[in-house]
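Q: In order, the protein sequences belong to chains F and B. Residue numbering for the first sequence is 497 to 899, as defined by this note's numbering. Residue numbering for the second sequence is 497 to 899, as defined by this note's numbering.
There are 2 protein chains.
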Amino acid sequence: MFDLISLKNSIANVKGFYCDAVNVGMRTNSANSGVGDIDGDVAFIRSEAECEVCGVFTTNRFQAAPIVHFKRYPKEFKTNFILINAKNANAMTGERGVEDINEILSHIPKVLNPLNPIMSSTGVIGYPLPKEKIISAFSKFDYNAKNSYKTARAIMTTDSFEKQIAFRVELENGESFNIAAIAKGAGMINPSLATMLCFIVTDALVPRADMEELLKDAVEGSFNAISVDGDTSTNDTVLLLSNGMSGSYDKEAFAFALNRVAFELSQMIVRDGEGANKVVAFKVSGAKNGDEAKKVAKNLSNSLLVKTALFGEDPNWGRIASTIGASEVECDAKKLVIKYDDLVVYSKEYPILDQEREQRAFEIMKKDSFTISCDLGIAEGSYTAYGCDLSYDYVKINADYRT
Amino acid sequence: MFDLISLKNSIANVKGFYCDAVNVGMRTNSANSGVGDIDGDVAFIRSEAECEVCGVFTTNRFQAAPIVHFKRYPKEFKTNFILINAKNANAMTGERGVEDINEILSHIPKVLNPLNPIMSSTGVIGYPLPKEKIISAFSKFDYNAKNSYKTARAIMTTDSFEKQIAFRVELENGESFNIAAIAKGAGMINPSLATMLCFIVTDALVPRADMEELLKDAVEGSFNAISVDGDTSTNDTVLLLSNGMSGSYDKEAFAFALNRVAFELSQMIVRDGEGANKVVAFKVSGAKNGDEAKKVAKNLSNSLLVKTALFGEDPNWGRIASTIGASEVECDAKKLVIKYDDLVVYSKEYPILDQEREQRAFEIMKKDSFTISCDLGIAEGSYTAYGCDLSYDYVKINADYRT
């Protein structure tokens, strides 16, 4: 058994990790979509001890230069430094983009003994990095700072709030370790190529052999459940760094904490996006197999008409059914059961939404978060995806269509 | 050779066809999204001579009752009557939905000698048709009317204007025939399950053997090029009726006219949607094969971030490239060429959009319609899809992201 204790200030809690952010003139006030006090545009995360590192990256065929750069390191390399910038993705910049990264990273102060430093970028595609500006950050950073908040905000683009999380994991034997992460990404523009970045750091002594498996599992149940496979930006990145400085590890406990970190951050991303009011879990069961369940769940979470119906709090299940039917999976109207939370809104027995159940459905839809379950009644495949409503004026024509 | 002469009032021009629409109380003013004088909610199209008929229908697994009803007629059946209603899709209504159609259609006045009558519906999913209301239309219709405009408007749902078209085709031998159509559907909500209905009528003497082939071809290059395959509503329907009353036919001329009718209507659907300002052709070439070209073209035409960039008149090609890269097709940044009309905005030779070309790109993007060409440089696959911008306030956060 183990305990999970929630902590504030994310990265600041993890032994041996430091972070800070500065403004080098890439981000100006007008660029911040009115979300207030974002200041930084270049940030670092470093560890005083060398780290095992592993990453999960975009499946986009045009992977940005930072990803190409990462992948050129030898397999299972170690690192102690990540540099992150907003406002420029360093994507579609060719070999020059990779050369620019090498040049920039060569300016990390030698006193920090940089080991295989990593760069990560988000912003506009197709322009070379402003190298001099970014290099100027190295003389401005406080390398012994633990400015989690500032760092989490510096990597924001269309985000309306910073995303950070941390846990201390206390093991039965009295030992403990810490895990923390920051992320950026906004649910509103899911699934259309908004870059998602996530940096997870831990002082747990994670064996190299476990890292990839655990990170992939965590990403599958979190970030992959909020976006459409294959519809990815050029820069999507999730990195896990472990410096082992707690000296402790328990696979089960670590996996639990890692999954929780990734899941909570993914929910923050879904909830973000100016005007998004609701987070909905689309729980598909009874599909022919897992792939078909996933296809349906993702189509539901990404359908504009479903999203606008959520905004309009329209309890009609027609758009749900139509989206299932359009998913090219095995399904049958006579076997289908659709529920909002525990309320059956469609089944063979209840083909018409009567006024009493419509009223109950409406009450459920008014909540900040609820579950739409679709049992296809074919076999055992299941998957849960997460989505938000679309609550902008533009959707009125759809939201009002039925009433 | 042949001449194509554009005509007003669509169906009214085609020999032996009549149409009218009435209001039976299903459509109320508040339901019309403020587009003004829509009145009718039930309409008919009939022919005094029996017609060959063929249809292309949704691939949605939950095909609505009208489609099930149509498909139960013997292969190659003939008809002389179509009844159409708005406000209720008669979808997910099971066998009862089909029985309701049979009952409703049994009330067509006997004096019209109804032959295998067809029904078509659009509107909300999951409620039984208001049979009595719809049946009441039969005593209100003027069966000898040629009220094309009223009929085209009666089938509208979220449409902001009626969609109708007609041509007279004059053959070299002095003979002629007419073809006309009405359609409904709004591009704004493409690809998310807005129902598309299209009724094409002709007095050309089309041989049964040609009908299916020609209709399929016409749909592929028009309606299928504006929506995502498989992401279809429960009710999508394109019907072609030919009563042969002109006594004339020429395959090449008819195919040309039919393609033109379908293409023009599909462009009207793209252009529709409150606030849509631009129609953009996404012309993909040089793909590994036709399927990969189609995948890229459709992804581009449906990407929210591309659509918002069009609205924002942002000449940056980054979202185009990112969408191509996310399409899981063979591509290579070194071979890719992206053009706005004739202007190269990205290629290996022009990897960065300089100020002069950015200004020229901006001028092109200000136009009502233009072409975005993407040559993948791999092989010979090509496909063109059509899309519109998304010009609502909600998109501001995306449209402004870069500036």
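Where is the CB? At the ideal position from N, CA and C, for every residue including glycine.
(1) Closer than 8 Å, Cβ to any Cβ of chain F: which residues of the stretch 804-820 of chain B, in chain order?
(2) Using a Cβ-Cβ cut-off of 8 Å (strictly less than) and excluding sequence neighbours within five positions of F/Leu503, which residues of its own chain qualify?
(3) Rounding to the nearest angstrom, what Cα-Cα distance links F/Asp885 and F/Met861 in this structure?
(4) Quick one: is B/Gly883 near chain F, going by C-beta distance under 9 Å?
(5) Using a Cβ-Cβ cut-off of less than 8 Å, list which residues of the stretch 649-667 of chain F approach chain B; keep chain order.
(6) Could you give the first and the last residue of the continuous alpha helix (DSSP H) run that contains F/Thr647?
(7) Taking just the CA atoms, how far does F/Ile534 sit from F/Glu546?
(8) Would B/Lys907 and B/Thr653 be called neighbours here (beta carbons separated by less than 9 Å)?
(9) Note down, in chain order, each residue of its chain lying with its Cβ closer than 7 Å to the Cβ of F/Lys774, except the 5 sequence neighbours on either side.
(10) If you follow the beta strand (DSSP E) that F/Glu666 is part of, which residue opens it and which one closes it?
(11) Do the stretch 874-884 of chain F and the stretch 777-795 of chain F make contact, defined as three or more Cβ pairs closer than 8 Å?
(12) For the stretch 609-623 of chain B and the stretch 805-821 of chain F, state whether three or more C-beta atom pairs, one from each stretch, are separated by less than 8 Å.
(13) According to DSSP, is F/Asn556 helix, strand or coil?
(14) With DSSP as the reference, label B/Thr867 as helix, strand or coil.
(15) Residues of chain F with CB under 8 Å from B/Asn609, in chain order?
(16) Take the Cβ of B/Lys835 as the centre, count every other Cβ of all protein chains shown within 10 Å, and call the residue buried at 16 or more, exposed below.
(17) Taking 9 Å as the threshold (beta carbon to beta carbon), is B/Glu824 in contact with chain F?
(18) Just the C-alpha distance for B/Tyr897 and F/Arg523, rounded to the nearest angstrom, thanks.
(19) Of the residues F/Met588, F/Arg649 and F/Arg542, which one's Cα is nearest the Cα of F/Val607?
(20) Taking only beta carbons into account, state which residues of the stretch 543-567 of chain F come closer than 9 Å to chain B, listed in chain order.
(21) Work out the CA separation of B/Arg853 and F/Pro562 for me, nearest whole Å.
(22) Is it right to say F/Met497 is buried, meaning 16 or more other beta carbons lie within 10 angstroms of its own, or is it exposed?
(23) Whole angstroms are fine: how far does the CA of F/Asn598 sit from the CA of F/Val766?
(24) Compare the Cα-Cα distances from B/Asn755 to each of B/Lys712, B/Val792 and B/Asp768 and report the closest residue.
(25) Following the continuous beta strand (DSSP E) through F/Gly782, name the residue where it begins and the one where it ends.
(26) Please list the terminal residues of the continuous beta strand (DSSP E) segment that includes B/Phe759.
(27) Measure the Cβ-Cβ separation of B/Met722 and B/Ser762 and say whether it is below 9 Å.
(28) I'd like to confirm the pairing. Which residues does DSSP put opposite F/Thr575 in its beta bridges?
(29) Does any CB atom of chain B fall closer than 9 Å to the CB of F/Met692?
(30) Alpha carbon to alpha carbon, how far is F/Asp537 from F/Arg649?
(31) In the DSSP output, which residue or residues are listed as bridge partners for B/Met615?
(32) On the premise that B/Phe553 lies in contact with B/Thr733, defined as a C-beta separation below 8 Å, what is that separation, rounded to the nearest angstrom?
(33) Under three-state DSSP, which class holds F/Ser823?
(34) Anything in chain F within Cβ reach of B/Ala783, meaning under 9 Å, just list it in chain order.
(35) Figure out for me which residue from F/Val520, F/Thr589 and F/Asp499 has the closest Cα to the Cα of B/Ile848.
(36) Quick one: grab the DSSP three-state call for B/Arg542.
A: Put simply:
(1) So the list reads Asn812, Trp813, Gly814, Arg815, Ala817, Ser818, Thr819 and Ile820, given in the order they occur along the chain.
(2) Within the same chain, F/Leu503 has close Cβ partners Asn509, Ala662, Phe663, Arg664, Asn674 and Ala676.
(3) Cα to Cα, F/Asp885 sits roughly 11 Å from F/Met861.
(4) Using a Cβ-Cβ cut-off of 9 Å, B/Gly883 does not count as an interface residue toward chain F, since no Cβ of chain F sits closer than that to its own.
(5) Going along the stretch 649-667 of chain F in chain order, one finds Thr653 and Thr654 with a Cβ nearer than 8 Å to chain B.
(6) Secondary structure note for F/Thr647: its alpha helix (DSSP H) is the uninterrupted segment Ser644 to Ala650.
(7) Between F/Glu546 and F/Ile534, the C-alpha separation is close to 30 Å.
(8) This structure does not reach residue 907 of chain B, given that chain B is present from 497 up to 899, and the question cannot be answered.
(9) So the list reads Leu806, Asp864, Ser865, Cys884 and Asp885, once near-sequence residues are dropped.
(10) Looking at the DSSP string, the run of the beta strand (DSSP E) that includes F/Glu666 is Lys659 to Leu667.
(11) Contact between the stretch 874-884 of chain F and the stretch 777-795 of chain F is present, because at least three Cβ pairs lie under 8 Å.
(12) With the rule of 3 Cβ pairs closer than 8 Å, the stretch 609-623 of chain B counts as touching the stretch 805-821 of chain F.
(13) Under the three-state reduction of DSSP output, F/Asn556 falls in the coil class, being neither helix nor strand.
(14) It is a strand residue.
(15) In chain order: nothing, as chain F lies at least about 35 Å away.
(16) Classification for B/Lys835: buried.
(17) B/Glu824 has a beta carbon lying within less than 9 Å of a beta carbon in chain F.
(18) Low confidence applies to B/Tyr897: its pLDDT is 36, below 50, so where it sits in the model is not reliable, and the reading given next is rough at best. Cα-Cα distance, rounded: 12 Å.
(19) The shortest C-alpha separation from F/Val607 is found at F/Arg542.
(20) So the close ones are Thr554, Thr555, Asn556, Arg557, Phe558 and Gln559.
(21) If you draw a straight line from the Cα of F/Pro562 to the Cα of B/Arg853, it comes to about 27 Å.
(22) When all chains shown are included, F/Met497 counts as exposed.
(23) Going by the C-alpha atoms only, they are around 34 Å apart.
(24) Comparing Cα-Cα distances from B/Asn755 to each of B/Lys712, B/Val792 and B/Asp768, the minimum goes to B/Lys712.
(25) Boundaries of the beta strand (DSSP E) around F/Gly782: Val775 to Ala783.
(26) Segment Lys747 to Arg767 is the alpha helix (DSSP H) holding B/Phe759; no beta strand (DSSP E) there.
(27) The sequence shown places Ile at residue 722 of chain B, not Met. The beta carbons of B/Ile722 and B/Ser762 sit closer together than 9 Å.
(28) Per the DSSP secondary-structure output, F/Thr575 pairs in a beta bridge with F/Cys547.
(29) At a cut-off of 9 Å between beta carbons, F/Met692 makes no contact with chain B.
(30) Across the structure, F/Asp537 and F/Arg649 are spaced so that their CA atoms are roughly 9 Å apart.
(31) Beta-bridge analysis with DSSP links B/Met615 to B/Leu579.
(32) Contact holds; Cβ gap of about 6 Å.
(33) Coil at F/Ser823, not helix or strand.
(34) Taking a Cβ-Cβ threshold of 9 Å, none of the residues of chain F is close to B/Ala783; the smallest such distance is about 13 Å.
(35) Answer by Cα proximity: F/Thr589.
(36) When secondary structure is reduced to three states using DSSP, B/Arg542 falls in the strand class.
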